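Taking it in order: structure first as structure tokens, then the write-up.
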Amino acid sequence: MALRMSLQGSPPEAKRSKPRESAEESVEAKNRRLQRELLASAAEKRMKAAENKRVVPTRPVSAIGEAAEKGLVASARSSVSREEVASGLPDGRIEGSGRAELDTRVELSPVETDGLFSMVFGIGVSKNILAQWCNQGIRFSSDPETCIGLVQHEGGPCGVLATIQAFVLKYLLFFPDDLNKFQDDSPLQSLDLTKFCQSSSSPLNDFTSITEDRKARSLVLGMLEILFLCGNMKRAVVATLSFSSRQSGEGSEDGQNNETMNSYLEGLSIESASDLQKVLRIKTYTAHNVAFQDIMSELPIFQSRMGALLFLISALLSRGLESIQADRDDPSLPLVTAPFGHASQEIVNLLLCGQAVPNVFDGRMDLGGGMFLMGISTSVEVGFLTLLESLNFCKVGRHLKCPRWPIWVVGSESHYTVLFALDPSVQDENELEERESRIHRIFDAQDQSGGGGFISIEGFQQVLRECNINFPPAKLESLCFSGFIVWSEFLQELLELDRSLGGLKDSSGSMGKKLFDLYHFNGIAKSVLNGNVGMVGESPLQRPRLCKLSVSVPPRWTQEEFLSDRCDDRKNEVGQAAELTQHAPLVDCIRTRWPRAVCSWIGDAPSIV
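Taking my numbering, the leading residue of the sequence shown gets -3, the next gets one more, and so forth.
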């Protein structure tokens, strides 16, 4: 009745069955009348909105981020008028925490999109680089042997995929039982991340037994953790397309959804900031449970060919464009490097620790004059190793080298892969190793060279006091002769100094070697022969690689013992190890974490390119 009345030019006076008995209107009648008027007004507004084809106005990302950081998102939602709730938005509502929540996806303004596009790709980006980043989805491998890994089809986005892969492995390997138990309304809170899940299925060693549902949940949890990490654990911004998975219908079959998605993406081409602005939609979350449910429902978009680029944009917006530029040493350079379109170290660090710093050492390096180079400021969940450290181009700090979980993104000159162990105890240290680590941390705290490995005499005296090290006067004078102390020389003297004097010499011989297994995953399709020669005319299989490595870390020796091999039993041990040793660039990366590690594997050598 209210709707029909609102459509009439001059609505007639409401008819009554009998006249009012009193001139004064009762409270109950007044409330009913006001309710009818509100409904009629809402219906009229809906009709006018439909005629004018009203669209959702754009809002700058900075304004959205500022509101989220100040906790104004909830109040903004509560201030939505009854008429707006009744009219609805194009994508409908999302159920979360037992109540309906509006889909508040918004467009980026042209200015914001231009800044985002130039920050990522720079000016004059080639079509090849754009094609690489617009044709890479976040999908698991269909190959049974590599089913836990994300597949890379194009060069370039490997830094994004490898980091997501590392966080996915964290949930798949170390919380397998929890993935089956946690509730959708509070996913992160219901996982006990303070302890390793010791269960019959952990550590997990049968990758083929992992269900698709567990992989999907691990993927969403990993993505969600990264985005909230970028948002300082206060917010996450999720970037999707103007097409929504919900538009195809919640009850639609997967095949129908895929067809709808493919038809939408078929003619989509991103060649400029304006192309991106037309299709990009963002939404800011402060509640983990709502974000988890939304990403689960929008997972087909991230699995599509635009997935890697959308996730990178989500991480950048979660951090905030201004904060990203403040993190960097040189904000004028694009985050995607030319000419091959690789993800920069800033992108990898952003996804690992939540800050787009370009360096991998701990803390920051003071250049004087108020100038600093920024490194990793805090411990991380998953770590990072690089071939460049073995070539003495950089020094990875302990924050990245010793993460909470035994999972590392591995960087080479042109590619990123993932190294992991099934047992967290591979990072455990014995008494002398713990002491060496402590001395090294105190030494690094006095190192003002940004990981160069040398300190002043004043800093050296501070290290000796804090670590209670007592060198003989002759040794002390020899170390300080050049005016600065180098870590490698200091370490060798520590290995010759008895434990009773604060050194690392182990007269008892209790410091034995370590034996453990590592796994290496390379998501880009490679030719796989597994050490076998195929039949004549048979092409090698193209698929991702998962390689198991047996690692042996021998006990520490002094430099003189290592060079001279003067102990016969140790010489025999070295000879036996040399026969079993296999070498690849990955081994050099492993040795930056475990010095002098000996590695072996079956089949093709693991590739980090």
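Beta carbons: idealized from backbone N, C-alpha and C, even for Gly.
Since the model is a prediction, treat every value here as computed from it, not as a measurement.
*Backbone secondary structure at Phe512 - three-state DSSP*: In the sequence shown, counting from the first residue as 1, residue 512 sits at position 516. The answer is strand: DSSP assigns Phe512 an E or B state.
_Just to confirm the assignment: which complete beta strand (DSSP E) runs, minimum length 3, are found wholly within the region 321 to 387?_
360 to 364, 367 to 370 and 379 to 382
*asked:* Rounded to the nearest angstrom, what separates Val344 and Leu30 at their Cα positions?
replied: Here residue 344 refers to the residue found at position 348 when the sequence shown is read from its first residue. Here residue 30 refers to the residue found at position 34 when the sequence shown is read from its first residue. Distance between the alpha carbons of Val344 and Leu30 is about 57 Å.
*Could you say if the region 384 to 400 and the region 345 to 359 meet the contact criterion of at least three C-beta pairs nearer than 8 Å?*
yes
*Express the C-alpha separation of Gly366 and Asn285 in angstroms, rounding to a whole number.*
As a working mapping, residue 285 is identified with position 289 in the sequence shown. As a working mapping, residue 366 is identified with position 370 in the sequence shown. Cα to Cα, the separation comes out at about 42 Å.
*Please name the residue, chosen from Leu487, Gly498 and Pro602, that lies closest to Pro591 on a Cα-to-Cα basis.*
As a first step, residue 591 is located in the sequence shown; it is residue number 595 there, counting from the start. Nearest of Leu487, Gly498 and Pro602 to Pro591, Cα basis: Leu487.
*From which residue to which residue does the alpha helix (DSSP H) around Ala162 run?*
The residue you call residue 162 lines up with position 166 of the sequence shown. Residues Cys154 to Phe170.
*Got a sec, what are the start and stop residues for the beta strand (DSSP E) Val482 sits in?*
In the sequence shown, the residue the question calls residue 482 occupies position 486. That run of the beta strand (DSSP E) goes Phe480 to Val482.
*Provide the residue(s) that pair with Cys543 in DSSP beta bridges, ordered along the chain.*
Against the sequence shown, residue 543 aligns to sequence position 547. According to DSSP, which records beta bridges pairwise, Cys543 is partnered with His516.
*Please determine if the region 272 to 279 and the region 99 to 115 are in contact, where contact requires at least 3 C-beta pairs separated by less than 8 Å.*
yes
*asked:* Within a Cβ cutoff of 6 Å, which residues of the same chain sit near Arg78, ignoring the five residues on either side of it in sequence?
replied: Position 82 of the sequence shown, counting from 1, holds the residue named residue 78. Since pLDDT at Arg78 reaches only 34, below the 50 mark, its modelled position is unreliable, and no value is offered.
*List the endpoints of the continuous beta strand (DSSP E) containing Trp404.*
Against the sequence shown, residue 404 aligns to sequence position 408. Start and end: Ile403 to Gly407.
*Kindly indicate which residue of Gly364, Gln578, Phe203 and Glu489 has the alpha-carbon position closest to the one of Ser474.*
As a first step, residue 474 is located in the sequence shown; it is residue number 478 there, counting from the start. Ranking Gly364, Gln578, Phe203 and Glu489 by Cα distance to Ser474 puts Glu489 first.
*If you draw a straight line from the C-alpha of Asp110 to the C-alpha of Cys226, how long is it?*
Here the question's residue 110 lines up with position 114 in the sequence shown. Here the question's residue 226 lines up with position 230 in the sequence shown. For Asp110 and Cys226, the distance between alpha carbons rounds to 21 Å.
*Return the CA-CA distance between Leu384 and Lys391, expressed in angstroms with no decimal places.*
Along the sequence shown, one-based indexing puts residue 384 at 388. Along the sequence shown, one-based indexing puts residue 391 at 395. Whole-angstrom Cα-Cα distance: 8 Å.
*Any idea which residues DSSP pairs Ala235 with across the strands?*
The sequence position of residue 235 within the sequence shown is 239, counting from 1. Partner(s): Ile278.
_Please tell me whether Leu146 and Arg210 are closer than 8 Å, where the distance is taken between their beta carbons._
Here residue 146 corresponds to residue number 150 of the sequence shown, with the count starting at 1. Here residue 210 corresponds to residue number 214 of the sequence shown, with the count starting at 1. No, these two residues do not count as a Cβ contact at 8 Å.
*For Leu126, the first and last residue of its enclosing beta strand (DSSP E)*: In the sequence shown, residue 126 corresponds to position 130, counting from 1. No beta strand (DSSP E) contains Leu126, which is instead part of the alpha helix (DSSP H) from Lys123 to Trp129.
*Enclosing beta strand (DSSP E) for Leu215 [first to last residue]*: The residue given as residue 215 occupies position 219 in the sequence shown. Careful: Leu215 lies outside any beta strand (DSSP E), inside the alpha helix (DSSP H) at Glu208 to Cys226.
*Does the distance from the CB of Ala212 to the CB of Leu223 come in under 8 Å?*
Against the sequence shown, residue 212 aligns to sequence position 216. Against the sequence shown, residue 223 aligns to sequence position 227. Against a cut-off of 8 Å, the Cβ pair of Leu223 and Ala212 comes out as no contact.
*Return the CA-CA distance between Phe467 and Gln128, expressed in angstroms with no decimal places.*
Here residue 467 corresponds to residue number 471 of the sequence shown, with the count starting at 1. Here residue 128 corresponds to residue number 132 of the sequence shown, with the count starting at 1. Spanning the two alpha carbons is a distance of roughly 57 Å.
*How close, in whole Å, do the beta carbons of Ala417 and Leu306 come, if the pair is a contact with beta carbons under 8 Å?*
As a position in the sequence shown, residue 417 is number 421, starting the count at 1. As a position in the sequence shown, residue 306 is number 310, starting the count at 1. Not a contact, Cβ separation roughly 31 Å.
*May I ask you to report which of helix, strand or coil DSSP gives Thr588?*
Position 592 of the sequence shown, counting from 1, holds the residue named residue 588. Three-state DSSP puts Thr588 in a helix.
*Can you name, in chain order, every residue of its own chain whose Cβ lies under 7 Å from the Cβ of Glu432, other than the five neighbours on each side?*
Counting from 1 along the sequence shown, the entry for residue 432 is found at position 436. If we look at Glu432 and ignore the five residues flanking it on each side, its Cβ neighbours are Leu500.
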